[in-house]
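Visitor: Protein chains in written order, with our numbering: chain L, 87 to 197; chain F, 54 to 227.
Cβ coordinates follow ideal geometry from the N, Cα and C atoms, glycine included.
This one's a predicted model, so the numbers in the text were calculated from it and none came from an experiment.
One structure is given below, represented as C-alpha cells, and several questions about it will come after.
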Amino acid sequence: MNINKRKIKDVLLITIEESEANLSKSEQFKELMLQEINLGERQLIVSFAHVDYVDSSFLGALVATLKSLLPLNGKLVLIEMNADIENLFQLTRLDKIFTVKNTLETALTEF
Amino acid sequence: MNNSFPIILELETPQHPDEIFSFTKMVLAKILNYKILNIAHQQKIKMILVELITNSIKHSADHSSQIKLVIDKPSLSIQKFEKGLQIEFSASQQIPFEEIDKILKISFSEENMHHIQPLDSYRFKFLNPHKEGFDIEHMPEHFGFYIITIASDSFIYQYDPEAKENRYIVHLDI
Numbered sequence: 087m088n089i090n091k092r093k094i095k096d097v098l099l100i101t102i103e104e105s106e107a108n109l110s111k112s113e114q115f116k117e118l119m120l121q122e123i124n125l126g127e128r129q130l131i132v133s134f135a136h137v138d139y140v141d142s143s144f145l146g147a148l149v150a151t152l153k154s155l156l157p158l159n160g161k162l163v164l165i166e167m168n169a170d171i172e173n174l175f176q177l178t179r180l181d182k183i184f185t186v187k188n189t190l191e192t193a194l195t196e197f
Numbered sequence: 054m055n056n057s058f059p060i061i062l063e064l065e066t067p068q069h070p071d072e073i074f075s076f077t078k079m080v081l082a083k084i085l086n087y088k089i090l091n092i093a094h095q096q097k098i099k100m101i102l103v104e105l106i107t108n109s110i111k112h113s114a115d116h117s118s119q120i121k122l123v124i125d126k127p128s129l130s131i132q133k134f135e136k137g138l139q140i141e142f143s144a145s146q147q148i149p150f151e152e153i154d155k156i157l158k159i160s161f162s163e164e165n166m167h168h169i170q171p172l173d174s175y176r177f178k179f180l181n182p183h184k185e186g187f188d189i190e191h192m193p194e195h196f197g198f199y200i201i202t203i204a205s206d207s208f209i210y211q212y213d214p215e216a217k218e219n220r221y222i223v224h225l226d227i
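Encoded structure:
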C-alpha cells in the first residue's frame with residue numbers, strides 16, 4: 087500500500103496515496119499505523135486527499151488505530167475527505183468518534 | 054424516461070477488491086438510466102454495493118456472487134445471490150431459527166453485535182443498531198452489515214437450504 091509520511095513538528099502526517107482504501111489495503115494500513123504508534127508516534131493526521139472511497143474493512147483499520155492510540159493519550163485527525171467518504175462517516179456516526187477536519191491547517195490546531 | 058417498471062438487471066460481481074468501486078459506478082450509471090436519484094440515494098447505493106461485494110470476496114468460497122437489481126417506482130431492490138453454506142453466528146442461536154419474531158442479539162465475530170429479527174426459519178431482518186448508543190469501546194472493526202443496515206430501508210438475509218444459496222435482499226425507498 088502506498089502512503090506518504092511527513093513529520094510536522096510532533097505530528098506525523100500520513101497521506102494515503104491510493105484511490106481505493108479497501109479490503110486489499112486495510113490490513114497493511116492497520117499494521118503501518120500500529121507500527122508508527124509502537125515507534126512512539128502519538129499525534130497523527132491521516133489525509134484522504136487522493137482517496138475516492140473507503141470500505142468497511144478500511145474503517146475497521148481506522149477504528150483499530152484509534153483504539154490503540156487513545157489509551158496512550160494520542161490523537162488521530164482525519165482530513166481532506168471527499169463527499170462520499172464524509173457521508174459514510176456521518177451515516178455510520180463515526181464522525182462522532184473521530185476528529186474530522188477539512189484541511190491540514192485546521193487539523194494542526196487540534197494538537 | 055419512458056420505461057415500463059419494474060426494470061430487472063442481473064450482473065456478475067467482480068472478484069477482486071480493486072474492481073469493486075468501478076463496478077459500483079457502472080451499476081449506478083445503469084440505474085440512473087432508468088431513474089433520477091438524488092445524491093444521498095446515489096451515495097447509499099454505492100455503499101451498499103461496495104459492502105455486499107466486499108462481503109462476498111471475504112467470505113464466499115469462490116468469491117463469486119450475482120447481483121440482481123429490481124428498479125421500480127418508488128423502490129429499488131438490490132439482491133445478492135451467493136452459493137455456499139449458510140451464514141453462521143458466534144452464538145448458540147443458529148439458522149434454522151426455532152423462535153420466529155423474537156429479536157435476537159447475534160454476532161459474526163467477538164467484536165460486532167447485530168440485532169436481528171427472524172422472519173421464518175431461514176430468513177431474518179437486520180435491525181437498525183442506532184438504538185444501542187455509540188462509543189469507541191464497543192465499536193466493532195467489522196462494519197459491512199452495519200453499513201448496509203443503516204444505508205438501507207430494509208436488509209434481509211435468507212438461506213435456501215435446497216439450492217444451498219445465500220440471499221441478501223436490500224430495499225431502498227427511492
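Nearest by alpha-carbon distance to F:ILE101: which of F:ASN219, F:ILE209 and F:ALA204 is it?
Guide: One-based indexing of the second sequence puts residue 101 of chain F at position 48. The option with the nearest alpha carbon to F:ILE101 is F:ALA204.
Visitor: Can you tell me which of the three DSSP states L:VAL137 falls into?
Guide: Indexing the first sequence from 1 puts residue 137 of chain L at position 51. If DSSP states are grouped into helix, strand and coil, L:VAL137 belongs with coil.
Visitor: Is the separation between the beta-carbon of F:LEU122 and that of F:ILE131 shorter than 7 Å?
Guide: As a position in the second sequence, residue 122 of chain F is number 69, starting the count at 1. As a position in the second sequence, residue 131 of chain F is number 78, starting the count at 1. The answer is yes: Cβ separation under 7 Å.
Visitor: Please name the residue in F:MET79, F:GLU65, F:GLN68 and F:ASN219 whose C-alpha comes closest to that of F:ILE148.
Guide: Stepping through the second sequence from its first residue, residue 148 of chain F is reached at position 95. Closest option to F:ILE148, Cα to Cα, is F:ASN219.
Visitor: Can you tell which of F:GLN68, F:ILE92 and F:ILE159 has its C-alpha closest to the C-alpha of F:GLN119?
Guide: For the purposes of this step, residue 119 of chain F is taken as residue 66 along the second sequence, with counting starting at 1. The shortest Cα separation from F:GLN119 among F:GLN68, F:ILE92 and F:ILE159 belongs to F:GLN68.
Visitor: Quick one: Cα of F:LEU139 to Cα of F:PRO59, how far?
Guide: Here residue 139 of chain F refers to the residue found at position 86 when the second sequence is read from its first residue. Here residue 59 of chain F refers to the residue found at position 6 when the second sequence is read from its first residue. Note that residue 139 of chain F corresponds to Gln in the displayed sequence, not to Leu. Roughly 29 Å separates the two Cα atoms.
Visitor: Counting along the chain, where does the beta strand (DSSP E) carrying F:ASP173 start and finish?
Guide: Here residue 173 of chain F corresponds to residue number 120 of the second sequence, with the count starting at 1. Per DSSP, F:ASP173 belongs to the beta strand (DSSP E) from 167-173.
Visitor: Can you check which of these residues, F:ASP125, F:ILE124, F:LYS126 and F:THR107, is closest to F:SER117 by C-alpha distance?
Guide: As a working note, residue 117 of chain F is residue 64 in the second sequence. Checked all of F:ASP125, F:ILE124, F:LYS126 and F:THR107; the closest Cα to F:SER117 is F:THR107.
Visitor: Please look up how many angstroms separate the CB atoms of F:TYR210 and F:TYR221, rounded, as I've assumed it's under 8 Å.
Guide: On the second sequence, position 157 is the one that residue 210 of chain F refers to. On the second sequence, position 168 is the one that residue 221 of chain F refers to. Sure, about 6 Å apart at Cβ, within 8 Å.
Visitor: Assuming F:ILE159 and F:ILE169 form a contact by the criterion Cβ under 8 Å, report the distance between their Cβ atoms to the nearest whole angstrom.
Guide: By one-based count along the second sequence, residue 159 of chain F stands at place 106. By one-based count along the second sequence, residue 169 of chain F stands at place 116. Confirmed, about 6 Å.
Visitor: Given a limit of 8 Å on CB to CB distance, which residues of the segment 101-117 of chain F reach chain L?
Guide: Against chain L - using a Cβ distance shorter than 8 Å - the residues of the segment 101-117 of chain F are VAL103, GLU104, THR107, ILE110 and LYS111.
Visitor: Quick check on the DSSP output: the beta strand (DSSP E) that includes F:SER128 runs from which residue to which?
Guide: In the second sequence, counting from the first residue as 1, residue 128 of chain F sits at position 75. First-last of the beta strand (DSSP E) with F:SER128: 128-136.
Visitor: Should F:ILE61 go down as buried or exposed, given a rule of 16 or more other Cβ atoms within 10 Å for buried?
Guide: The count along the second sequence starts at 1 and reaches residue 61 of chain F at position 8. When all chains shown are included, F:ILE61 counts as exposed.
Visitor: Which value, in whole angstroms, describes the spacing of the CA atoms of F:LYS137 and F:GLU104?
Guide: On the second sequence, position 84 is the one that residue 137 of chain F refers to. On the second sequence, position 51 is the one that residue 104 of chain F refers to. Per the sequence presented here, residue 137 of chain F reads as Gly, with Lys not at that position. Spanning the two alpha carbons is a distance of roughly 18 Å.
Visitor: At a Cβ cut of 7 Å, what residues of the segment 167-184 of chain L count as close to chain F, listed as they run along the chain?
Guide: Listed by position along the chain: ASP170, ASN173, LEU174, LEU177, THR178, ARG179, LYS182 and ILE183.
Visitor: Touch check for the segment 118-126 of chain L and the segment 135-145 of chain L: three-plus C-beta pairs under 8 Å?
Guide: These segments do not touch.
Visitor: The alpha helix (DSSP H) spanning F:ASN86 covers which residue range?
Guide: Locating residue 86 of chain F in the second sequence gives position 33, where the first residue counts as 1. Per DSSP, F:ASN86 belongs to the alpha helix (DSSP H) from 73-87.
Visitor: Quick one: which residues of the segment 139-151 of chain L get their C-beta closer than 7 Å to a C-beta of chain B? List them in chain order.
Guide: Here the protein chains are L and F, and chain B is not one of them.
Visitor: Let me confirm a value: L:ARG92 is counted as buried when at least 16 other C-beta atoms fall within 10 Å, else exposed. Which label applies?
Guide: Numbered from 1 along the first sequence, position 6 holds the residue referred to as residue 92 of chain L. Label assigned to L:ARG92: exposed.
Visitor: Return the residues of the segment 102-134 of chain L that lie within a Cβ-Cβ distance of less than 7 Å from chain F, sorted by chain order.
Guide: Under the 7 Å Cβ criterion, the segment 102-134 of chain L contributes GLU106, ASN108, LEU109 and SER110.
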